[in-house]
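Here the structure is laid out as structure tokens; the discussion comes afterwards.
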Amino acid sequence: MSRKEQTQRNAALNEMRQRYKEKTQQLADVKTICEQEARIKTLEAQRAQLQAGQPCPLCGSTSHPAGRGVSGAGAWC
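In UniProt numbering, the protein residues as written are 1 to 77.
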């Protein structure tokens, strides 16, 4: 194998390694987003079960800011 071919193969290998690294990071990001969305859905389901005057099973509070212009999972507790 010539020096030129070796240089080209090394460059191609480095490019593939970089793409692999980027794809691995993208996968990790997608997994994190999916986990966050699942957590939000769980919190929303728990929020839907709250009853006025009853303590929250998560924090024990009997009042929650949900419905006061706050949206998303952070809207309670």
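Where is the CB? At the ideal position from N, CA and C, for every residue including glycine.
Residue i - containing alpha helix (DSSP H), residue span
i: M1; result: From DSSP, M1 is part of no alpha helix (DSSP H); its letter is neither H nor E.
Same chain, Cβ closer than 8 Å to residue i, five either side skipped, listed in chain order
i: G53; result: T62
i: R3; result: none
Cβ-Cβ separation, residue j to residue i (assumed contact under 8 Å), whole Å
i: L27; j: Q46; result: At roughly 29 Å, the Cβ-Cβ gap does not stay under 8 Å, so L27 and Q46 are not in contact.
i: H64; j: L50; result: 6 Å
Contacting residues, own chain, Cβ-Cβ under 7 Å from residue i (five flanking each side not counted)
i: V30; result: none
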